[in-house]
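Okay, structure first, notes after.
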Amino acid sequence: MKSLLATILTACAATAVLAQDAYPTRPVTALVGYLPGGAADLVMRRLAAIMTPKFPAGLIVDNKPGVGGSLAVSTLAKAKPDGYQFAFVPNSNLALSPQVNQLSYKSPDDVVPVINIVSFSPVMLVPTDSPYKTLLDLIQVARKSPESLSVGFPGVTTLSHLNLLELQRAADVKFINVAQKGWGEGGSQLLGGHITAAIAQPIEAVPYLKAGKMRAIGSFSETRQSGLPDVPTMKEQGEPVDFGVRYLLIVPKGTPASVVKYIHDAAKAAMETPEFMKFAADNALDIAYQDGNSAQEAAWADYRKYTPVLKQNGLLK
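The numbering used here applies: residue 31 is where the sequence shown begins, and numbers increase by one.
Written out as C-alpha cells, the structure is:
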C-alpha cells in the first residue's frame, strides 16, 4: 500500500513538473506602453512576428499607452508571474519614471529584466523647407527671442523630454515645450507647421528622411549613430547632451527561471535572424544584446545617472 501511495505521489509530482515545463500552452501578451506606430510598437511587432513559432498559441502585442510608457510596466508588475505577460520597455521606464511619478513600482528591482534587444538615440528634426539648417541656427534665434520657437517631444518624463530639458539648460535657451501622445501626432504637427522642430526616435524619423520631408539637425548620442552617419551629435555642435535609449523585455518578479529562460532564448534567437538584423539596419537601430543580469545592472546605472539631472531640472518627486 505504501509502495502504491509513493508511486501515485511521484506520478503527481512528475505531472506538476511537466505542466510547469510545458510553457507556453496558451496565448502570451507582450505589453507596449506607447501608441501603435511608435518606435516601441514597431520594434516589438517585428520581433513578435519572428518569435511567434515559439509561442504556438499566439503572441499578442497589446498597446497600453500612458504615464510616459510607465502604465505598461505598472500593469506588468501586478500581473501573475507565470510568463503569460511580458513587456517591451525603454530603460527610462525602469530608471527615470519611478523617480518622477507615483507608480506601483519603485525601482528596476520591482520587475525582472529578461533581455535587452536594441539601442538608439533620439534625433531632432525640422521640415526640409525649414530655415533652420543646423542646431546652432535654432539656438541663435531662441537666445534672441526666448520661447519663440516650439519643440515637440513624445511624452512628459521620457528620455526625449529629458534630452530637451538638458539641451535648453546647456545652451541657455527656452523653447516652447510641446508634449505629444506619440510620433503620429508629432510628425503631423511638424509637417503641418504647428511646431518648429520635433524630437523623434530614428525608426520614426527614417521614412521621413528618406522621403525628403524632414531633416535631422542633431542626434542625442555620444557618437554619430551608425544608421545615421550624416547626422551630427549635439556634442559636435557644442551641446553635450546624450541620453540614449535601450529597449528590453521584462517579466513580473517571481516568474519561474525556466520561463524567463524560454522568453530570453526565443527573443535572442529572433534578434539574431537575418530578417531582424536587416530590419534594425534599415531603421537606424543598433542590435544591443544584454542578458537579464546585465540589463538590470545597466538600469541601475541609468537610475543613478538620471538622479542629479532630474534634480537639476526640478523633476524629482
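The beta carbon of each residue, even a glycine, is placed where N, CA and C say it ideally should be.
For residue i, which three-state DSSP category applies?
i	result
R276	strand
F306	helix
A70	helix
P338	helix
I206	strand
A241	coil
M154	strand
V236	helix
V103	helix
G216	helix
A46	For A46, the pLDDT reaches just 42, beneath the cut-off of 50, and the residue's location in the model is therefore unreliable, leaving the point undetermined.
S332	The question names Ser, but residue 332 in the sequence shown is Asp. Helix at D332.
A24	This structure does not reach residue 24, given that the chain is present from 31 up to 347, and the question cannot be answered.
L35	A caution first: L35 carries a pLDDT of 47, below 50, which makes its placement in the model unreliable, though a value can still be read off. Helix at L35.
G248	strand
D140	helix
S149	strand
What's the call for residue i, buried or exposed, on a 16-neighbour Cβ count within 10 Å?
i	result
S251	buried
R173	exposed
R245	buried
R76	buried
G182	buried
N313	buried
G88	exposed
E234	buried
L220	buried
G137	Note that residue 137 corresponds to Ser in the displayed sequence, not to Gly. Result: exposed.
G223	exposed
D321	exposed
T55	exposed
K335	exposed
From what residue to what residue does the alpha helix (DSSP H) around residue i run?
i	result
S127	S127 to V130
Y319	Looking at the DSSP string, Y319 is not in any alpha helix (DSSP H); the run it does join, the beta strand (DSSP E), is D316 to D321.
M301	A287 to M301
D159	Where D159 is concerned, there is no enclosing alpha helix (DSSP H), given that its DSSP letter is neither H nor E.
Out of the options, point me to the one whose CA is closest to residue i's CA.
i	options	result
K84	Y292, P143 and P66	Y292
T187	A246, G217 and Q129	Q129
A201	A287, T59 and Q267	Q267
L168	V203, Y319, V142 and K136	V203
A227	T158, I90, A241 and M74	T158
M154	G344, V339, S324 and T263	T263
S178	G185, T164 and V208	V208
P259	G68, P120 and A311	A311
A78	T303, P232, V141 and Q231	T303
N121	L340, I229 and A329	A329
A300	L279, V339, V171 and V156	L279
K243	G257, K283 and V156	V156
Looking at the secondary structure, which residues open and close the beta strand (DSSP E) in which residue i lies?
i	result
L192	No beta strand (DSSP E) contains L192, which is instead part of the alpha helix (DSSP H) from L189 to A201.
Q267	It is not in any beta strand (DSSP E) - Q267 carries neither H nor E in the DSSP assignment.
A117	Q115 to P120
V186	No beta strand (DSSP E) holds V186; DSSP gives it neither H nor E.
T263	Taken as a continuous stretch (DSSP letters only), T263 belongs to no beta strand (DSSP E), as it is neither H nor E.
V58	V58 to V62
A228	A227 to A230
Taking 7 Å as the CB-CB cut-off, is residue i touching chain B?
i	result
A325	Looking for chain B here will not work: only one protein chain is present.
Exercise. Below 8 Å, can you find three or more Cβ-Cβ pairs linking the stretch 192–200 to the stretch 268–277?
Worked result: Proximity of the stretch 192–200 to the stretch 268–277 meets the contact definition, three or more beta-carbon pairs being nearer than 8 Å.
Exercise. Using 8 Å as the Cβ pair cut-off and three pairs as the minimum, do the stretch 275–283 and the stretch 144–157 touch?
Worked result: The stretch 275–283 vs the stretch 144–157: in contact.
Exercise. With contact counted as at least three CB pairs below 8 Å, one residue from each stretch, are the stretch 56–74 and the stretch 111–119 in contact?
Worked result: Between the stretch 56–74 and the stretch 111–119 there are three or more C-beta pairs closer than 8 Å, enough to call the two in contact.
Exercise. Are at least three pairs of beta-carbons, each pair with one atom in the stretch 121–135 and one in the stretch 87–107, less than 8 Å apart?
Worked result: Taking a cut-off of 8 Å for Cβ pairs, the stretch 121–135 and the stretch 87–107 touch, as three or more such pairs fall below it.
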